[in-house]
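Residue numbers (our numbering): 3 to 186.
See below for the structure under consideration.
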């Protein structure tokens, strides 16, 4: 089947919310192929502990590609313990310049509880301006909802959960079966 005829994998909404000295990363569980839900309970948010320093990561895109990037990030974190920004920049540089990595189709949200970054294959390491980052099919819906909820007294987890619920109500590639990790 030609690439333009293949329906493609869709799904995933990941959000990171930083508030009150804590960061919460939440992700839905839906993986879709075309118009079919293949799995509703995928786990797209993970905790890494290289060198004893906890980092929470959420990924959107191809699962195999995301796991490859998570493994590379873990190696970078082991080489630069406690320096998430440096490890993220090194990963982004490799991702942009390495011919093998350039083909990977995924995005990452990473946090060490102090910093929150989005890492892309274009070489970007983005720290959100408003302490909220979101990626994936429903990312823009979750981002908009969370930005509005940041004006309330809700904590980071409540904002992430409500924003994901709103995204799940709007985006057909997002469900309400969440994996939530908090770090602070």
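The beta-carbon is built from N, C-alpha and C at its ideal position, and this holds for glycine as well.
- The beta carbon of residue 44 is closer than 6 Å to those of 31, 33 in its chain, skipping five residues each way along the sequence.
- Within the segment 59 to 120, the runs of beta strand (DSSP E) that reach at least 3 residues and sit entirely inside it are, in chain order, 108 to 113.
- Shown here, residue 179 sits in coil according to DSSP, grouped into three states, outside any helix or strand.
- 7 Å or more divides the Cβ of residue 109 from the Cβ of residue 148.
- The alpha-carbon separation between residue 151 and residue 145 amounts to approximately 10 Å.
- Residue state for residue 145 is assigned as helix, using DSSP reduced to three classes.
- Partner residues in the beta bridge of residue 47, as assigned by DSSP, are 60.
- Residue 120 and residue 113 have their C-alpha atoms roughly 9 Å apart.
- When secondary structure is reduced to three states using DSSP, residue 184 falls in the strand class.
- Here residue 35 carries a strand assignment [DSSP, helix/strand/coil].
- Secondary structure at residue 156: coil, using DSSP grouped into helix, strand and coil.
- Linking residue 179 to residue 97 through their CA atoms gives a straight-line distance of about 30 Å.
- Here residue 21 is near residue 158, since their CB atoms are less than 7 Å apart.
- Counting along the chain, residue 42 sits inside no beta strand (DSSP E), nor does DSSP assign it H or E at all.
- When the Cα atoms are used, residue 70 and residue 23 turn out to be separated by approximately 30 Å.
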